[in-house]
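Chains as they are written, first to last, in the working numbering: chain A, 43 to 387; chain B, 43 to 387.
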């Protein structure tokens with residue numbers, strides 16, 4: 043950044059100026075984007091079905107600026123939306139992004155945020171086709187809407203899981219939640235003694251899970267390669283238990299989940315124990331892993347059973363059997379969907 | 043509302059509960075909506091081109107809760123987004139709506155807001171296909187993304203105005219801005235003396251222009267009936283002058299605008315004079331009228347010249363002639379685009 047740019051501030055630039063500045067940096071990756079930002083609306087060509095999903099992220103609720111690098115925040119804001127499109131077995135293609143920015147943010151800060159946005163868009167070949175920027179009285183509010191496309195026959199809903207289907211999860215769970223716990227602990231230490239350096243070196247994996255999660259594009263590509271169509275799918279944003287409930291409720295089925303099958307990274311496990319939290323609880327109720335949870339017909343199991351990215355954690359049952367966690371001693375406990383209630387926190 | 047409902051509050055209900063409550067009230071009007079809210083993403087069938095536009099509205103910046111009825115706010119929030127779709131000569135079809143809600147809002151207040159949203163959707167046959175609800179630390183933040191559809195050949199951009207085209211505006215201008223002035227004046231009076239009743243009876247038209255604006259669906263339908271395709275079009279959200287600049291800049295042309303042609307309602311005119319503001323300035327720089335500003339080839343003028351909803355206010359010139367306001371004594375003044383800069387207010 044040049045010195046001249048350093049002394050431009052948001053107030054001088056104004057909303058139109060800021061929008062111009064960002065628009066100039068926007069690249070296009072999609073042939074379907076006929077017209078991007080700059081008119082009343084963007085124009086998108088479509089021969090398939092369109093998927094649409096939206097998320098709002100609010101400072102102080104979804105992220106804490108005292109430990110969130112802005113570039114990571116921009117990246118994550120896009121990723122959480124793309125994850126919803128992948129969870130339909132579809133390909134994200136365009137986003138719109140709106141920001142409410144309070145006066146504490148500098149132009150340099152907003153540029154950093156957008157650097158993260160652009161990086162996520164480049165990685166997933168997604169076009170920014172519109173947005174809005176406005177001032178607000180407090181904090182930072184981010185609202186992103188993602189569009190995707192898919193052939194109608196490929197789209198996977200939450201509602202088609204069938205009895206005896208296998209329940210599969212990608213990656214491992216609970217890491218993002220334990221990363222958040224570490225960041226919050228170090229923040230408290232720092233508040234009590236600002237000379238203390240945060241101790242974060244032992245937590246690289248779970249910190250990345252929290253601050254810079256990834257959307258599982260690779261799993262969607264794997265389905266194509268292996269010619270598998272899941273019977274139902276959802277992304278894990280509110281915690282495994284909550285998402286299992288969504289699938290079971292939408293599909294009108296029950297489920298058995300095996301505690302000892304739930305994939306947990308050793309770093310997540312160790313940190314959870316250090317925090318006196320049962321690692322299974324972290325995996326079941328910690329959110330923001332952005333892994334994919336899906337069901338497949340048993341006939342497809344052969345195709346995926348040796349893939350280290352995927353773990354079978356249970357199977358779908360009749361609705362009357364309920365939604366149960368099978369413990370290590372074959373104990374059967376009804377699962378509870380805790381999830382998040384921001385209004386209550 | 044039953045007594046039982048009266049005592050449910052947002053905290054008890056939680057985000058999932060609130061989303062469920064609102065989702066149950068959502069109706070569908072569009073055959074193209076294959077799947078609405080309730081999955082990771084909505085599914086939209088598309089054989090035409092898709093238009094997409096988004097706006098964020100922030101309490102304290104875009105609206106003042108001390109004089110904005112929540113039902114009107116819900117209505118207006120949808121309308122300002124649909125207006126962008128109509129401004130492409132397209133038909134709005136779906137929206138997503140995200141809310142950040144602080145603890146000062148009751149469940150009843152949010153229900154009122156959504157009543158306005160539903161009313162606007164019903165009036166314009168638009169489906170709500172997704173959204174997000176989250177708590178936030180202060181105020182109310184509304185982010186809406188609107189989708190529309192159009193045949194590729196019908197879409198009107200900002201960028202195709204040609205020399206000698208006529209510049210036309212729908213309805214009348216400056217009313218929403220003067221309505222805001224009246225509301226702000228009465229708020230000050232009330233703050234100084236809470237026993238004073240606001241005097242609003244003489245301002246019905248301009249108050250409605252501010253609080254419950256309409257998107258000009260009728261003008262788009264008129265174009266179809268008359269077989270007119272404007273050469274360029276934009277909706278007036280930031281003020282006539284600002285929008286003229288957008289069209290001229292995008293189309294690489296100049297413009298002559300005739301001061302005595304600018305349509306101003308008598309109530310707007312009188313109120314503007316009472317506030318010691320030149321009514322032309324209110325029309326040029328006051329925003330939020332949500333009228334359509336467009337250009338047509340002169341050959342189409344016969345078709346619309348007797349329509350009381352439309353007024354020719356100028357014509358497009360060569361870029362070198364600049365963008366000028368022709369005053370009442372044939373004075374020529376370069377037009378200035380003031381518009382809004384919320385970062386500066």
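Where a beta carbon is used, it is the ideal one built from N, C-alpha and C, also for glycine.
Residue 277 of chain B and residue 70 of chain B have their C-alpha atoms roughly 26 Å apart. Put simply, the stretch 79 to 86 of chain B does not touch the stretch 115 to 129 of chain B. Fewer than three CB pairs are less than 8 Å apart. Of the candidates A/152, A/205, A/133, A/279, A/205 places its Cα closest to the Cα of residue 295 of chain A. Residue environment for residue 145 of chain B: exposed (fewer than 16 other C-beta atoms within 10 angstroms of its C-beta). Chain A has no Cβ within less than 8 Å of the Cβ of residue 258 of chain B. Residue 143 of chain A and residue 182 of chain A do touch by the CB rule: their CB atoms are close to 6 Å apart, below 8 Å. Residue 174 of chain A carries a strand assignment under DSSP once its states are collapsed to helix, strand and coil. Under DSSP, the beta-bridge partners assigned to residue 357 of chain A are A/208, A/298.
Rounded to whole angstroms, residue 263 of chain B and residue 132 of chain B show a C-alpha spacing of 10 Å.
For residue 283 of chain B, the closest Cβ of chain A is not nearer than 8 Å. In the three-state scheme derived from DSSP, where H, G and I count as helix and E and B as strand, residue 105 of chain A is classed as strand.
For residue 168 of chain B, DSSP records no beta bridge to any residue. Remark: C-beta atoms of residue 193 of chain A and residue 271 of chain A do not approach each other more closely than 8 Å. Close partners of residue 171 of chain A in chain B (Cβ separation under 9 Å): 94. Residue 154 of chain B and residue 113 of chain B have their C-alpha atoms some 5 Å from each other. Membership of residue 130 of chain B in any beta strand (DSSP E) is not indicated, and neither H nor E is assigned to it by DSSP. With fewer than three CB-CB distances shorter than 8 Å, the stretch 313 to 331 of chain A does not count as touching the stretch 339 to 353 of chain A. In terms of Cα proximity to residue 266 of chain B, the closest of B/211, B/280, B/243, B/198 is B/198. Within 7 Å of the CB of residue 378 of chain B, no CB atom of chain A is found; the nearest one sits about 14 Å away. Contact annotation, residue 321 of chain A with residue 315 of chain A: C-beta distance approximately 7 Å; criterion of less than 8 Å satisfied.
Annotation note: the stretch 198 to 269 of chain B contains the following uninterrupted alpha helix (DSSP H) runs of length 4 or greater, listed N- to C-terminal: 217 to 234, 246 to 253, 259 to 268. Within the same chain, and ignoring the five residues on either side of residue 167 of chain A in sequence, the residues whose Cβ sits closer than 6 Å to its Cβ are 71.
Along the stretch 199 to 212 of chain A, going in chain order, the ones with a CB nearer than 9 Å to a CB of chain B are 199, 200, 201. Assignment of beta-bridge partners to residue 190 of chain A by DSSP yields A/93, A/134. When beta bridges are read from the DSSP output, residue 337 of chain B appears opposite B/209, B/274.
Around residue 86 of chain B, the beta-carbon contacts reaching into chain A at under 8 Å are 91, 92, 93, 94. CA-CA distance, residue 223 of chain A to residue 60 of chain B, rounds to 28 Å. At a C-beta separation below 8 Å, residue 97 of chain B has these neighbours in chain A: 140, 174.
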